[in-house]
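Mapping the sequence shown onto the UniProt record's numbering, position 323 (from 1) lands on 323, and the numbers just tick up by one.
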Amino acid sequence: MLNVVPEAGDRDGSAAPVVLAGPVSSVIDEIVREGAQQMLAAALRAEVAAYCAQFADERDENGHRLVVRNGYHEPREVTTAAGAIEVHAPRVNDKRVDPETGERVRFSSAILPPWARKTPQVEQVLPLLYLHGLSSQDFGPALGQFLGSTKGLSAATITKLTQTWQAEQKAFSARDLSGVDYVYVWADGIHVNVRLEETKLCLLVLIGVRADGRKELIALDDGYREATESWADLLRDCKRRGMRAPVLAIGDGALGFWGALREVFPETKEQRCWFHKIANVLAALPKSAHPGAKKALAEIWNAEDKRHALNAVKAFEAAYGAKYPKAVAKITDDLDQLLAFYDFPAEHWVHLRTTNPIESTFSTVRNRSKITKGPAHARRESPWPTS
């Protein structure tokens, strides 16, 4: 651990020397921690100096400044991604009085608040480890070897954090949606091997785009991907909270979402995901036909307009209909839903043809969750952080 000891005569914000104490795991790690410490110390001093300079003209009746440096706080250990470091944060003596409350004004560092014991980067990794199934009492032993300290990682702290995450998720799932109009929404069921007791359960995900182009998560809950009722529960809840019908919804044809959409938002147009559809078509063809079929399908979904797309469909049907009618039917039976995106601005087509906005958003979570599966009660509280 790094121990930062300020010089006794350091009253003007000059640099405090760094003294190495305790076991050193490696020279490189210690250099990294020392660099992190020096930058943090410099940032804290600069922050305090700027604060004092901002109010330098405010003085008492004797001409003394009301806001001045006042040594250092007691040493505090902070767990960072570079390891544990002990810092002496500079202290401010602010003698001003808040006219509204009548209380003394207190300086609080925006860089290192008084309550902070872990950096945001460390805090962000904790929910990921929780999703992996790491028990609350194992956080300290697991991370202590890497971070050089177990402070702030006790079972009680982790339990409190999980309660915070669950409260955040509950607030997110109850937020008002009446002030937002979603033009497009993407729906998909994401299977991840963490914190879900039943293997068939997945995350039902709804992502939307506002009229101004901003993309955001609308809703997230566990359920059954192919079950209409699971999706209907999700959509009914969104409608109850004020969500209005989107113009277009994009998703895989196998989803139970479509039956639910027609019940809750019947006016919304439907667009099938071309990525999933191509996979279904190829599954009905021999591998020897895949190269030609892929090219023919690309002529449909990548056509310059709907008229050219319809011509490409006829060409695909002529080329494969006689020998592989089931493969062709997968296109012709859903043709209106496959070509719906052509009715919207051309610059949007690349986003409307597939559910890639969901796939790309959740790819990191899915990749990280392949290693292990942690036990949990799916209906207790959703374990997924929403921030």
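No residue lacks a Cβ here, since even glycine has one placed at the ideal position from N, Cα and C.
Going by Cα to Cα distance, which pick from the options is closest to residue i?
{"i": "Q169", "options": "A293, Y182 and D221", "result": "D221"}
{"i": "W349", "options": "K326, A327, K306 and K323", "result": "K306"}
{"i": "S109", "options": "D98, P357 and V92", "result": "V92"}
{"i": "L66", "options": "E263, T159 and A56", "result": "A56"}
{"i": "R262", "options": "A174, R236, W274 and R106", "result": "R236"}
{"i": "K294", "options": "I278, A283, A284 and T354", "result": "I278"}
{"i": "P75", "options": "P90, F341 and L201", "result": "P90"}
{"i": "Y72", "options": "L44, E317, N356 and K160", "result": "L44"}
{"i": "C238", "options": "G179, F107, A46 and T332", "result": "G179"}
{"i": "D336", "options": "G242, A42, E317 and L310", "result": "L310"}
{"i": "A260", "options": "L234, E86 and R241", "result": "L234"}
{"i": "F265", "options": "S173, T164 and A232", "result": "A232"}
{"i": "L352", "options": "A41, V205, A187 and P286", "result": "A187"}
{"i": "A41", "options": "H64, N62 and H88", "result": "H88"}
{"i": "F316", "options": "A53, T159, L285 and T355", "result": "L285"}
{"i": "A49", "options": "P357, A296, D94 and F341", "result": "D94"}
{"i": "S173", "options": "R240, D181 and N356", "result": "R240"}
{"i": "Y182", "options": "L217, W165 and A171", "result": "L217"}
{"i": "P114", "options": "V78, A346 and F275", "result": "V78"}
{"i": "A327", "options": "E359, A296 and E347", "result": "A296"}
{"i": "E47", "options": "L338, E86, A84 and F107", "result": "F107"}
{"i": "R244", "options": "P357, G321 and Y184", "result": "Y184"}
{"i": "H308", "options": "A171, D252 and Y342", "result": "Y342"}
{"i": "E34", "options": "H290, A84 and E61", "result": "A84"}
{"i": "D334", "options": "K160, F344, N280 and A319", "result": "N280"}
Consult DSSP for residue i and reduce its assignment to one of helix, strand or coil.
{"i": "S14", "result": "Residue placement at S14 is flagged as unreliable, the pLDDT there being 46, under the threshold of 50; a coordinate-derived value is accordingly withheld."}
{"i": "R76", "result": "strand"}
{"i": "A284", "result": "coil"}
{"i": "R59", "result": "strand"}
{"i": "C202", "result": "strand"}
{"i": "E267", "result": "coil"}
{"i": "A254", "result": "coil"}
{"i": "D176", "result": "coil"}
{"i": "N311", "result": "helix"}
{"i": "N302", "result": "coil"}
{"i": "L297", "result": "helix"}
{"i": "D221", "result": "strand"}
{"i": "R262", "result": "helix"}
{"i": "G292", "result": "helix"}
{"i": "R45", "result": "helix"}
{"i": "A245", "result": "coil"}
{"i": "A84", "result": "strand"}
If we count the other Cβ atoms within 10 Å of its Cβ and call it buried at 16 or more, is residue i buried or exposed?
{"i": "F146", "result": "Legend: pLDDT at F146 = 43, less than 50; position of this residue unreliable, value from coordinates given subsequently. Exposed."}
{"i": "P246", "result": "buried"}
{"i": "G292", "result": "exposed"}
{"i": "H191", "result": "exposed"}
{"i": "R69", "result": "buried"}
{"i": "residue 388", "result": "One cannot answer for residue 388 here, as it falls past the ends of the chain, which runs 1 to 387."}
{"i": "R210", "result": "exposed"}
{"i": "G63", "result": "exposed"}
{"i": "P99", "result": "exposed"}
{"i": "G102", "result": "exposed"}
{"i": "P325", "result": "exposed"}
{"i": "P357", "result": "buried"}
The beta strand (DSSP E) that contains residue i, what's its start and end?
{"i": "E100", "result": "Per DSSP, E100 belongs to no beta strand (DSSP E) and is neither H nor E."}
{"i": "G251", "result": "L248 to G251"}
{"i": "V185", "result": "Y182 to I190"}
{"i": "P90", "result": "P90 to D94"}
Does the beta-carbon of residue i, which I'm using as the reference point, lie nearer than 8 Å to any heavy atom of the ligand GDP?
{"i": "V328", "result": "Annotation note on the ligand GDP: not contained in the displayed structure, which lists no ligands."}
For the alpha helix (DSSP H) that contains residue i, what are its first and last residues?
{"i": "D233", "result": "T228 to R240"}
{"i": "K323", "result": "Element bounds for K323: n/a, residue is neither H nor E."}
{"i": "D336", "result": "L335 to L338"}
{"i": "L112", "result": "Here L112 belongs to no alpha helix (DSSP H), and DSSP marks it neither H nor E."}
{"i": "L66", "result": "Here L66 belongs to no alpha helix (DSSP H), and DSSP marks it neither H nor E."}
{"i": "H348", "result": "Looking at the DSSP string, H348 is not in any alpha helix (DSSP H), and its letter there is neither H nor E."}
Would you mind giving the Cβ-Cβ distance between residue i and residue j, rounded to the nearest angstrom? I have them listed as a contact below 8 Å.
{"i": "E58", "j": "R96", "result": "7 Å"}
{"i": "C273", "j": "I250", "result": "6 Å"}
{"i": "L204", "j": "G223", "result": "5 Å"}
{"i": "E229", "j": "A254", "result": "Not confirmed; about 16 Å, so no contact."}
{"i": "A329", "j": "Q271", "result": "At roughly 19 Å, the Cβ-Cβ gap does not stay under 8 Å, so A329 and Q271 are not in contact."}
{"i": "L177", "j": "G242", "result": "5 Å"}
{"i": "F275", "j": "T332", "result": "No, F275 and T332 are not in contact; Cβ-Cβ is about 19 Å, not under 8 Å."}
{"i": "K269", "j": "L282", "result": "Contact flag wrong, Cβ pair sits at about 26 Å."}
{"i": "A303", "j": "A289", "result": "Going by Cβ atoms, the distance from A303 to A289 rounds to 21 Å, so no, they are not a contact pair."}
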